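Chains as they are written, first to last, in the numbering used here: chain A, 117 to 417; chain B, 166 to 431.
By construction, the Cβ of each residue, glycine as well, lies at the ideal position given by its N, Cα and C atoms.
Keep in mind that this is a model prediction, so the values were computed, not measured.
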Amino acid sequence: MIEVWYTLVDSIFPFSWVEFDFMKNALLAVLLVSPIFGFLGTIVVNNNMAFFSDAIGHAALTGIAIGVVLGLGDPLWAMLIFAAVLAIGITWTRHKTGASVDTVIGVFFSTTVALGVVILSRGGGFNRYSNYLIGDLLSISPQELTLLAFALLVVLLFWGLFFNRLFLTSINQAVARSRGVNVYVVEMLFSVLLAMFVTISIQWIGILIINALLILPAASARNLAVNMRSYHFLAVVISIVAGLAGLFLSYHWGTATGATIVLCIFVLYLGTIAWKTVSSRWNKYGSRTDRIKSSPDHKAG
Amino acid sequence: MNNRECINDNCAFCCTKLENFGVSIGGNVLLYDVNLHIHCGELTGIIGPNGAGKTTLLKAIVGELPYSGNMSFLDGRGLRTGHPLIGYVPQKLDFGSGVPASVLDFCTACISNVPVWLVHSPGNRRRVWESLARVQAEHLIDRRISELSGGELQRVLLACALNPVPNLLLLDEPVAGVDPRGLKLFYDMVSDLRREHDLSIIMVSHDHQMIAQYADRIVLLNKTVLAEGTPAEVFHNRSFVNLFGRQWNGVYHGQEAATAIHHPEP
Chain A
117 MIEVWYTLVD
127 SIFPFSWVEF
137 DFMKNALLAV
147 LLVSPIFGFL
157 GTIVVNNNMA
167 FFSDAIGHAA
177 LTGIAIGVVL
187 GLGDPLWAML
197 IFAAVLAIGI
207 TWTRHKTGAS
217 VDTVIGVFFS
227 TTVALGVVIL
237 SRGGGFNRYS
247 NYLIGDLLSI
257 SPQELTLLAF
267 ALLVVLLFWG
277 LFFNRLFLTS
287 INQAVARSRG
297 VNVYVVEMLF
307 SVLLAMFVTI
317 SIQWIGILII
327 NALLILPAAS
337 ARNLAVNMRS
347 YHFLAVVISI
357 VAGLAGLFLS
367 YHWGTATGAT
377 IVLCIFVLYL
387 GTIAWKTVSS
397 RWNKYGSRTD
407 RIKSSPDHKA
417 G
Chain B
166 MNNRECINDN
176 CAFCCTKLEN
186 FGVSIGGNVL
196 LYDVNLHIHC
206 GELTGIIGPN
216 GAGKTTLLKA
226 IVGELPYSGN
236 MSFLDGRGLR
246 TGHPLIGYVP
256 QKLDFGSGVP
266 ASVLDFCTAC
276 ISNVPVWLVH
286 SPGNRRRVWE
296 SLARVQAEHL
306 IDRRISELSG
316 GELQRVLLAC
326 ALNPVPNLLL
336 LDEPVAGVDP
346 RGLKLFYDMV
356 SDLRREHDLS
366 IIMVSHDHQM
376 IAQYADRIVL
386 LNKTVLAEGT
396 PAEVFHNRSF
406 VNLFGRQWNG
416 VYHGQEAATA
426 IHHPEP
């Protein structure tokens with residue numbers, strides 16, 4: 117399976133930087149991870165869930181710590197279960213109180229990080245886990261690529277089946293209810309899904325920057341998009357372009373891949389702001405006359 | 166079920182009944198002991214001071230807030246029936262200013278599960294266009310919902326709430342942001358809909374003058390029902406005078422009929 121990809125890359129990209137297998141793996145990883153984050157980010161940004169996803173990312177430390185305490189070789193399962201529990205807890209609290217849960221998240225956020233650091237630093241051994249902070253995309257294995265491909269499939273499936281309900285919920289909960297949407301279940305599913313993907317990607321992207329990969333593509337796309345389709349299209353394209361550029365640059369500069377990708381998205385983000393500013397200034401006069409012409413209240417009278 | 170063929174006394178959901186209806190959140194009593202009958206083909210206006218629980222009442226009926234007591238839907242013969250189709254027009258939407266969603270995205274998400282980020286089927290686009298045309302908003306179909314004016318947004322929300330035609334329509338009028346012309350247009354539309362589809366309509370209103378002209382019945386709410394009846398009855402009620410400081414001397418809906426049936430007390 118992976119050999120097919122290797123031959124494909126060799127024939128499509130005749131560059132020196134993809135001649136190593138680990139670079140081919142990383143290239144495929146970027147192509148799988150970028151759309152996932154592009155998609156998830158659209159709703160994270162719409163729902164103002166940036167703090168939530170950041171908290172989930174940092175909670176991975178506690179997940180790792182629990183894995184270590186339980187003596188698991190690979191802490192991924194402990195991380196996943198802990199992230200799911202935290203996501204359910206936060207969503208439940210939000211529904212129970214109805215208010216913004218920033219403070220609640222903030223409290224849990226710092227406490228879980230502290231707990232994780234305390235357990236992991238026992239005996240001065242925290243350095244062993246510091247690779248989780250920055251992540252290492254180049255270390256990804258073919259088995260893990262299969263996991264990522266599966267993850268992308270799950271996100272696409274969820275987006276195909278539940279997106280309208282999720283979208284309606286994010287616009288107005290009472291309207292969503294009146295259309296027969298079970299708001300609570302939809303939000304719960306999305307929170308848990310988001311927590312799973314953030315946690316899975318932690319080891320390659322790193323706790324410190326994973327949230328930027330989630331927020332930046334959607335935030336950039338928002339500057340230019342006019343509807344949900346262009347929003348998604350732009351978020352995914354920006355995510356992939358920056359991913360490829362970041363991978364290439366990190367190879368040449370010898371820097372951490374995840375962080376380099378984030379810097380690339382940020383450059384694109386600045387580009388979208390510049391574009392928006394220029395085009396709105398350009399269109400100012402035109403759209404104003406337009407608005408007067410098509411104003412509904414003139415027509416309605 | 167087709168409401169168009171309903172005749173007043175023989176309709177599928179002819180009465181929405183609230184009995185001992187109450188809402189409390191976290192120990193705070195927002196509404197208590199509300200008893201209401203909402204008849205079909207009638208526009209019931211809900212008025213009351215700020216914080217009276219008007220929006221809370223609508224949200225509880227939709228199912229957004231938990232309630233105590235009874236809510237039942239009776240058909241023309243007085244038999245209890247299942248949950249009716251409810252259309253809900255909120256006061257405002259919850260998004261930030263930059264949400265890149267078009268009117269078409271929003272309205273399609275209300276009626277279909279075909280993901281709006283992927284495709285818009287021509288059939289859905291036509292259905293949305295038709296529902297928007299009903300409220301004179303079809304030209305807004307490709308606009309971003311975040312750039313609509315208050316009145317435009319209200320009409321778009323109404324169009325979505327009417328597609329398909331519900332049994333019970335709940336309207337929460339915005340406090341501000343709709344110009345007087347837009348407001349009158351909206352009230353005219355709602356009033357026509359009531360006749361055309363024999364709808365039960367509950368409308369939270371902040372504009373006593375408008376609601377007095379259009380409503381069949383008025384409910385004065387302040388955590389519970391203080392007064393209910395025709396506009397003339399409620400606006401001359403002692404509770405209304407106590408709450409708002411003066412009697413209302415405007416024009417009422419069906420004013421002659423109201424005074425003929427109801428002899429004002431000296």
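Cβ neighbour criterion (16 or more within 10 Å) applied to Trp320(A): Position 204 of the first sequence, counted from the first residue, corresponds to residue 320(A). Of the other Cβ atoms in all chains shown, 16 or more fall within 10 Å of the Cβ of Trp320(A); this residue is therefore buried.
Contacts around Cys180(B), its chain only, beta-carbon distance under 6 Å, and the 5 residues preceding and following it disregarded: Reading the second sequence from its first residue, position 15 is the one you call residue 180(B). Excluding sequence neighbours, Cys180(B) sits near His202, His204, Leu239.
Delimiting residues of the alpha helix (DSSP H) encompassing Arg299(B): In the second sequence, residue 299(B) corresponds to position 134, counting from 1. No alpha helix (DSSP H) contains Arg299(B), which DSSP labels as neither H nor E.
Three-state class that DSSP yields for Phe186(B) in the structure shown: Within the second sequence, residue 186(B) is the residue found at index 21, counting from 1. Of the three classes helix, strand and coil, the one that applies to Phe186(B) here is strand, per DSSP.
Beta strand (DSSP E) segment containing Leu156(A), residue limits: Indexing the first sequence from 1 puts residue 156(A) at position 40. Taken as a continuous stretch (DSSP letters only), Leu156(A) belongs to no beta strand (DSSP E), being part of the alpha helix (DSSP H) at 137 to 162.
Own chain partners of Phe167(A) with C-beta closer than 7 Å, once the 5 adjacent residues on each side are dropped: Start at 1 with the first residue of the first sequence, and residue 167(A) comes out as number 51. Cβ neighbours of Phe167(A) beyond the five flanking positions: Asp218, Ile221.
Segment contact flag, the region 203 to 223 of chain B with the region 264 to 282 of chain B, C-beta cutoff 8 Å, min 3 pairs: The region 203 to 223 of chain B, when compared against the region 264 to 282 of chain B, does not touch it at the 8 Å Cβ threshold.
Close-in-space but distant-in-sequence residues of the same chain around Ser356(B) (CB under 8 Å, 5 per side omitted): Counting from one through the second sequence, the residue named residue 356(B) turns up at place 191. Result list for Ser356(B): Leu208, Tyr379, in chain order.
Alpha helix (DSSP H) segment containing Phe351(B), residue limits: For the purposes of this step, residue 351(B) is taken as residue 186 along the second sequence, with counting starting at 1. In the DSSP assignment, Phe351(B) falls within the unbroken alpha helix (DSSP H) covering 345 to 362.
Leu124(A), buried or exposed, once every other Cβ within 10 Å from all chains shown has been counted against 16: The count along the first sequence starts at 1 and reaches residue 124(A) at position 8. Classification for Leu124(A): exposed.
Chain-ordered neighbours of Gly276(A) on chain B, where CB pairs are closer than 8 Å: Counting from one through the first sequence, the residue named residue 276(A) turns up at place 160. Those within 8 Å of Gly276(A) in chain B are Pro280, Leu283.
Exposure label - Ala230(A); buried when at least 16 CB within 10 Å: Locating residue 230(A) in the first sequence gives position 114, counting from the first residue. Result: exposed.
Near-chain B residues of the region 267 to 295 of chain A (beta-carbon distance less than 8 Å), N- to C-terminal order: Trp275, Gly276, Leu277, Phe279, Asn280, Arg281, Phe283, Leu284, Ser286, Ile287, Asn288, Gln289, Ala290, Val291, Arg293, Ser294, Arg295
C-alpha distance - Cys275(B) paired with Val199(B), whole-angstrom precision: Locating residue 275(B) in the second sequence gives position 110, where the first residue counts as 1. Locating residue 199(B) in the second sequence gives position 34, where the first residue counts as 1. Near 31 Å, if we compare the C-alpha coordinates of Val199(B) and Cys275(B).
The region 387 to 401 of chain A / the region 185 to 194 of chain A touching (three or more Cβ pairs under 8 Å): no
Check whether Ile172(A) and Ala203(A) have beta carbons under 8 Å apart: Working through the first sequence from its first residue, we reach residue 172(A) at position 56. Working through the first sequence from its first residue, we reach residue 203(A) at position 87. Yes, Cβ-Cβ distance for Ile172(A) and Ala203(A) is below 8 Å.
Top-ranked residue by Cα proximity to Thr315(A), from Leu330(A), Leu236(A), Glu303(A), Leu143(A): Translated into positions along the first sequence, residue 315(A) becomes position 199. When each option's Cα is compared against that of Thr315(A), the closest is Leu330(A).
CB of Thr389(B) within 8 Å of CB of Tyr232(B), strictly: To locate residue 389(B), count along the second sequence from 1; it is residue 224. To locate residue 232(B), count along the second sequence from 1; it is residue 67. Result no, Cβ atoms of Thr389(B) and Tyr232(B) do not sit closer than 8 Å.
Neighbour-count burial assignment, Glu229(B), 16 or more Cβ in a 10 Å radius: As a working note, residue 229(B) is residue 64 in the second sequence. With 16 or more Cβ atoms within 10 Å of its Cβ, Glu229(B) is classed as buried.
Those residues which DSSP pairs with Thr209(B) across a bridge: In the second sequence, counting from the first residue as 1, residue 209(B) sits at position 44. Its beta-bridge partners are Ile367(B), Arg382(B).
Arg407(A) - DSSP class collapsed to helix/strand/coil: For the purposes of this step, residue 407(A) is identified with residue 291 of the first sequence, where counting begins at 1. Below a pLDDT of 50, predicted positions are generally treated as unreliable, and Arg407(A), at 49, falls in that range; the measurement from the model is reported next regardless. The answer is helix: DSSP assigns Arg407(A) an H, G or I state.
Distance between Leu332(A) and Leu335(B) (C-alpha atoms, nearest Å): For the purposes of this step, residue 335(B) is identified with residue 170 of the second sequence, where counting begins at 1. For the purposes of this step, residue 332(A) is identified with residue 216 of the first sequence, where counting begins at 1. Distance between the alpha carbons of Leu335(B) and Leu332(A) is about 39 Å.
Nonlocal neighbours in the same chain, by C-beta distance under 7 Å from Val227(B), ignoring five residues either side: As a position in the second sequence, residue 227(B) is number 62, starting the count at 1. Result list for Val227(B): Ile251, Tyr253, Leu335, in chain order.
Limits of the alpha helix (DSSP H) - the one that Asn200(B) falls within: Counting from one through the second sequence, the residue named residue 200(B) turns up at place 35. Unbroken run through Asn200(B) is the beta strand (DSSP E), 193 to 204; no alpha helix (DSSP H).
Residues in the region 348 to 373 of chain B having any Cβ partner in chain A nearer than 8 Å: Leu350
Residues, ordered as in the chain, of the region 304 to 318 of chain A that lie near chain B by beta-carbon distance below 9 Å: none
Beta carbon of Ile64(A) nearer than 8 Å to that of Gly232(A): The requested residue 64(A) does not occur in the structure, where chain A is confined to residues 117 to 417.
Beta-carbon proximity of Leu333(B) to Arg299(B), cut-off 8 Å: Along the second sequence, read from residue 1 onward, the residue named residue 333(B) stands at position 168. Along the second sequence, read from residue 1 onward, the residue named residue 299(B) stands at position 134. No, the pair does not count as a contact, with Cβ atoms beyond the cut-off.
Contact under 8 Å by Cβ, Tyr96(A) with Ser336(A): Only positions 117 to 417 of chain A appear in this structure, which leaves residue 96(A) out of reach.
Contact under 8 Å by Cβ, Ala217(B) with Val188(B): The residue you call residue 217(B) lines up with position 52 of the second sequence. The residue you call residue 188(B) lines up with position 23 of the second sequence. No.
Rounded separation between Pro287(B) and Ser277(B) - CA only: Along the second sequence, read from residue 1 onward, the residue named residue 287(B) stands at position 122. Along the second sequence, read from residue 1 onward, the residue named residue 277(B) stands at position 112. If you take the alpha carbons of Pro287(B) and Ser277(B), they lie about 12 Å apart.
Leu148(A) beta carbon less than 8 Å from that of Leu305(A): Along the first sequence, one-based indexing puts residue 305(A) at 189. Along the first sequence, one-based indexing puts residue 148(A) at 32. Against a cut-off of 8 Å, the Cβ pair of Leu148(A) and Leu305(A) comes out as no contact.
Chain B within 8 Å of Gly322(A), Cβ atoms only: Along the first sequence, one-based indexing puts residue 322(A) at 206. Taking Cβ atoms only, chain B never reaches closer than 8 Å to Gly322(A), which makes this a no.
Distance, Thr178(A) Cα to Gly239(A) Cα: Here residue 239(A) corresponds to residue number 123 of the first sequence, with the count starting at 1. Here residue 178(A) corresponds to residue number 62 of the first sequence, with the count starting at 1. Going from the Cα of Gly239(A) to the Cα of Thr178(A) covers about 17 Å.
Member of Phe153(A), Ala142(A), Trp121(A) whose CA lies at the smallest distance from the CA of Phe349(A): Counted from its first residue, the first sequence places residue 349(A) at position 233. Checked all of Phe153(A), Ala142(A), Trp121(A); the closest Cα to Phe349(A) is Phe153(A).
Bounding residues of the beta strand (DSSP E) (the contiguous stretch that carries Gly232(A)): On the first sequence, position 116 is the one that residue 232(A) refers to. Not the beta strand (DSSP E): Gly232(A) falls in the alpha helix (DSSP H), residues 218 to 236.
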